[in-house]
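Chains as they are written, first to last, in our numbering: chain A, 68 to 359; chain B, 174 to 617. Beta carbons: idealized from backbone N, C-alpha and C, even for Gly.
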Amino acid sequence: MAKTKLANDGMPKSLVSRFQRIMIYIVLVIGAFFSLFPFYYMFVQASQPSSEVLRFPPHLWFGSSAWANIQGLFANGFGRSLFNSAFIAVVYASLSVFIASLAGYAFAKFRFRGRSVLFGMFLLVLMIPYHVTAVPLFQLMAKITFFGNPTWISSYQAVILPALANPFGIFLMRQSMQALPDDLLDAARMDGASEWRVFTKVALPTMRPTLAALAIYSFMFQWNSFFWPLIIMRDKAMETLPVRINALVGLSIIDYGQLMMGTALTTLPIMMIFIAFQRQFISGALAGAVKG
Amino acid sequence: MVRRNMHLSLISLLVLTLILAACGSDSTATTTSGNTGSTNPADVKGEITVWAWNVAAKSLEATVPSFNQKYPNVKVTIQDLGRTDVYDRLTTGLQAGGAGLPDVVAIESDRMDVYTATFPEGLADLTSRASKYEKDFDPSKWAQSKINDKIRSIPWDSGPTGLWYRVDIFQQAGVDPKSIETWADLIAAGEKILTTTGGKTKLLPVDIVADDAGFRMMTNQLGVCCYFNSDGKINLTNEKSVQALTLLKEINDKGLIANINGWDGTVAATKNGDVATVPFGVWYSGTIIDQAPDLSGKWDVMLLPAFEKGGNRAANLGGSTLAIPAASKNIDAAWAFVEYALATNEGQNLMMEKFGIWPSYQPAYSADLYSKPVAFFNNQPIWKMFADEIKNIPPATYTKDYAKGQAVLASAQSKVLSQGMDPKQALQEAADELANQTGREIAQ
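Written out as structure tokens, the structure reads:
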């Protein structure tokens, strides 16, 4: 209302747009405050001793227990869990992106018998809630033997392998690969390139934004994953971060300071990755959204 | 048609591969099993793993050194887990026929029925080893561990209830805690406190939409806890349950309930002076010490008020047990540890002293620590009160549908406290709903 009134009064155009710009900035600043404040608050709480976290009025500035909380966490296996989480997420992201790009390429660019049925089956898998598969999968992991391991319970492969052929990733890669002109691939074939070369030297390089987005997605999927690692990683030394942090929630005593510090330390790598790969992340998400 | 057959064969090929992979595996099934019936502790050998939630896990850890003096050849590994995480792992392990389970696992007493109903032989039958201890344990807890006459777990800690209260706030309002004998007395005190604090400090915290802990304590006091009677019929429409919910409504109508959100909300209200009392189990002492160190000397505890003068003031809330999964490969070693930790004064009092885990094992109460004053709690001998309370706790029935009952009751409580529904009607509706969900009859 204010805006139209100003315009009616015959204000110069540049003034109106400056006013608009100020309004936009005000809205943005408010938005930024609301999205950043929870993170700030998390770090503030992470630096408090347990008995200060639920205090009212709450602390708004950092306390002195950050180091004590970190020490407490590391004394209870946090370091090993950090390694487990990072290892699983990195290996999973690399392998699953590789497999998804291979499968997506095949689904998009090769015509073969049963292609659509097979693809449909993959999409179907996307719709099965994981709670349904948890117990049979656990039984499978309990009984499987491979390379002399008596069981796959509490092993890295038990977390990495089951979700490796990720339907969402294959779907995403197929959609992007479909946009790739067949002529481009044929041209390479005419020049005598093997199918492997066509895939790695021609198809993949054009897929970089989607690959990056999928890699980040896959990394985050494993990094945040809770239920399956909780079920299968029964040895404390094999637990991932979310499972270890949840162990701080007891029956009647909860170490809130350590809980906040653990959460903060778990969020930090994700925040850094996001900032570093922000562009790929957004462009990839857009690509998936528009072309889907 | 040809196409479809192709896919079928593809799928069966996949399935076949999985089955084959699963086949060559049973090498874990037979490793060393402990020697049975041995009387010499040094002959009990092996490694055992124990699962418990965090502070409880630490308390068990504290008993390991002295346990190992007695049983030098048993290696105990304690794993700490989040509260519900224990159950997620236990359930999947039992469903998978005992794969990946520990040798000893902590289970809250009120969940025992759920596990024994779903997995009747999932937890080892301890009857022959444990029945000699029956008279030593808190009878209300022992009843929860004994299912169809078989002992499936050993009571660990009990939750005798008390009314934790703020000494300084009572004093300010001119209320003498010793004068409070009935809930009516407490309501009168609550009104006084509310006025003197200018409305800041209410009487007690309730998570109105999610937790009916207050209702359970009150019905336990009256001997009709929890939702079912001993025949397994729904037991909500009786006079006493109505009396309990009516009492909660009365407290709420006078503006004395602080409606809090979950466990963290209760702790925050305790810490920040939003409530003058918290009716909870003995285990809440540890929470207060941990979360409100600056209130040292300002908290004390009395028994829950009675419904009428001279009425029962004893009840139980919470508590847990240790069970041995039947799949354990070293039941002898597991039992040796459970027996030492839970059925000796030494084991139980180590956990009590360092971590405030209240023994279900009654002989432990003869130790000095139970008659000593506790500085944090107004320098009163509060443990003595709980030790004397144990034998007066009326038994309670939980059944495998306990969790369903909790959800239905929380919703009934919310209808009464937030929407003003008549308690009797709300309980009738709750009974119907529970009958619907469980197929159980409603007791007349």
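Length of the line joining the Cα atoms of residue i and residue j
{"i": "residue 307 of chain A", "j": "residue 317 of chain A", "result": "18 Å"}
{"i": "residue 431 of chain B", "j": "residue 370 of chain B", "result": "14 Å"}
{"i": "residue 230 of chain B", "j": "residue 224 of chain B", "result": "7 Å"}
{"i": "residue 142 of chain A", "j": "residue 331 of chain B", "result": "30 Å"}
{"i": "residue 384 of chain B", "j": "residue 591 of chain B", "result": "14 Å"}
{"i": "residue 378 of chain B", "j": "residue 418 of chain B", "result": "15 Å"}
{"i": "residue 560 of chain B", "j": "residue 298 of chain B", "result": "29 Å"}
{"i": "residue 503 of chain B", "j": "residue 125 of chain A", "result": "50 Å"}
{"i": "residue 326 of chain B", "j": "residue 282 of chain B", "result": "9 Å"}
{"i": "residue 256 of chain A", "j": "residue 247 of chain A", "result": "15 Å"}
{"i": "residue 490 of chain B", "j": "residue 330 of chain A", "result": "31 Å"}
{"i": "residue 343 of chain B", "j": "residue 260 of chain B", "result": "41 Å"}
{"i": "residue 241 of chain A", "j": "residue 210 of chain A", "result": "34 Å"}
{"i": "residue 530 of chain B", "j": "residue 462 of chain B", "result": "13 Å"}
{"i": "residue 597 of chain B", "j": "residue 585 of chain B", "result": "10 Å"}
{"i": "residue 266 of chain B", "j": "residue 253 of chain A", "result": "53 Å"}
{"i": "residue 409 of chain B", "j": "residue 304 of chain A", "result": "47 Å"}
{"i": "residue 324 of chain A", "j": "residue 100 of chain A", "result": "24 Å"}
{"i": "residue 547 of chain B", "j": "residue 104 of chain A", "result": "42 Å"}
{"i": "residue 255 of chain B", "j": "residue 243 of chain A", "result": "42 Å"}
{"i": "residue 577 of chain B", "j": "residue 240 of chain B", "result": "39 Å"}
{"i": "residue 177 of chain A", "j": "residue 282 of chain A", "result": "24 Å"}
{"i": "residue 564 of chain B", "j": "residue 313 of chain B", "result": "8 Å"}
{"i": "residue 116 of chain A", "j": "residue 110 of chain A", "result": "12 Å"}
Three-state class that DSSP yields for residue i in the structure shown
{"i": "residue 160 of chain A", "result": "helix"}
{"i": "residue 389 of chain B", "result": "helix"}
{"i": "residue 255 of chain B", "result": "coil"}
{"i": "residue 295 of chain A", "result": "helix"}
{"i": "residue 300 of chain A", "result": "coil"}
{"i": "residue 548 of chain B", "result": "coil"}
{"i": "residue 600 of chain B", "result": "helix"}
{"i": "residue 132 of chain B", "result": "Shown here, chain B extends from 174 to 617; a query on residue 132 of chain B therefore has no answer."}
{"i": "residue 397 of chain B", "result": "coil"}
{"i": "residue 267 of chain A", "result": "helix"}
{"i": "residue 577 of chain B", "result": "helix"}
{"i": "residue 195 of chain A", "result": "coil"}
{"i": "residue 355 of chain B", "result": "strand"}
{"i": "residue 229 of chain B", "result": "helix"}
{"i": "residue 456 of chain B", "result": "coil"}
{"i": "residue 104 of chain A", "result": "helix"}
{"i": "residue 281 of chain A", "result": "helix"}
{"i": "residue 244 of chain B", "result": "coil"}
{"i": "residue 432 of chain B", "result": "strand"}
Interface residues of chain B facing residue i [CB-CB closer than 7 Å]
{"i": "residue 313 of chain A", "result": "255 and 258"}
{"i": "residue 115 of chain A", "result": "Per Cβ cutoff of 7 Å: no residues; residue 115 of chain A is ~12 Å from chain B at best."}
{"i": "residue 209 of chain A", "result": "269, 272 and 273"}
{"i": "residue 242 of chain A", "result": "The contacting residues do not exist; residue 242 of chain A stays about 23 Å from chain B at best."}
Opposing strand residues paired with residue i [DSSP bridges]
{"i": "residue 489 of chain B", "result": "B/333"}
{"i": "residue 205 of chain A", "result": "In DSSP, residue 205 of chain A forms no bridge with anything."}
{"i": "residue 482 of chain B", "result": "According to DSSP, residue 482 of chain B bridges with nothing at all."}
{"i": "residue 327 of chain B", "result": "B/495"}
{"i": "residue 222 of chain B", "result": "B/250"}
{"i": "residue 339 of chain B", "result": "B/472"}
{"i": "residue 277 of chain B", "result": "B/223"}
{"i": "residue 503 of chain B", "result": "Bridge partners of residue 503 of chain B: none, in fact."}
Proximal chain A residues relative to residue i, where beta-carbon distance stays under 8 Å
{"i": "residue 228 of chain B", "result": "317, 318, 319 and 320"}
{"i": "residue 262 of chain B", "result": "297, 298 and 301"}
{"i": "residue 513 of chain B", "result": "What residue 513 of chain B touches in chain A: nothing, since even the nearest Cβ is about 22 Å away."}
{"i": "residue 457 of chain B", "result": "319"}
Exposure of residue i, with buried meaning 16 or more beta-carbon neighbours within 10 Å
{"i": "residue 149 of chain A", "result": "buried"}
{"i": "residue 180 of chain A", "result": "exposed"}
{"i": "residue 87 of chain A", "result": "exposed"}
{"i": "residue 356 of chain A", "result": "Legend: pLDDT at residue 356 of chain A = 48, less than 50; position of this residue unreliable, value from coordinates given subsequently. It is exposed - the Cβ of residue 356 of chain A has fewer than 16 other Cβ atoms within 10 Å."}
{"i": "residue 570 of chain B", "result": "buried"}
{"i": "residue 475 of chain B", "result": "buried"}
{"i": "residue 300 of chain B", "result": "exposed"}
Contacts that residue i makes with chain C (C-beta to C-beta distance below 7 Å)
{"i": "residue 202 of chain A", "result": "Of the chains in the structure shown, none is chain C; the protein chains are A and B."}
Under 9 Å by beta carbon: chain B residues contacting residue i
{"i": "residue 118 of chain A", "result": "444, 463, 464, 465, 466 and 467"}
Contacts that residue i makes with chain A (C-beta to C-beta distance below 7 Å)
{"i": "residue 441 of chain B", "result": "121 and 123"}
{"i": "residue 252 of chain B", "result": "303"}
Contact set between residue i and chain B, taken where Cβ atoms lie within less than 8 Å
{"i": "residue 220 of chain A", "result": "272 and 273"}
Chain-ordered chain A contacts of residue i [CB-CB under 9 Å]
{"i": "residue 410 of chain B", "result": "Near residue 410 of chain B there are no residues of chain A at all, since even the closest Cβ is about 32 Å away, more than 9 Å."}
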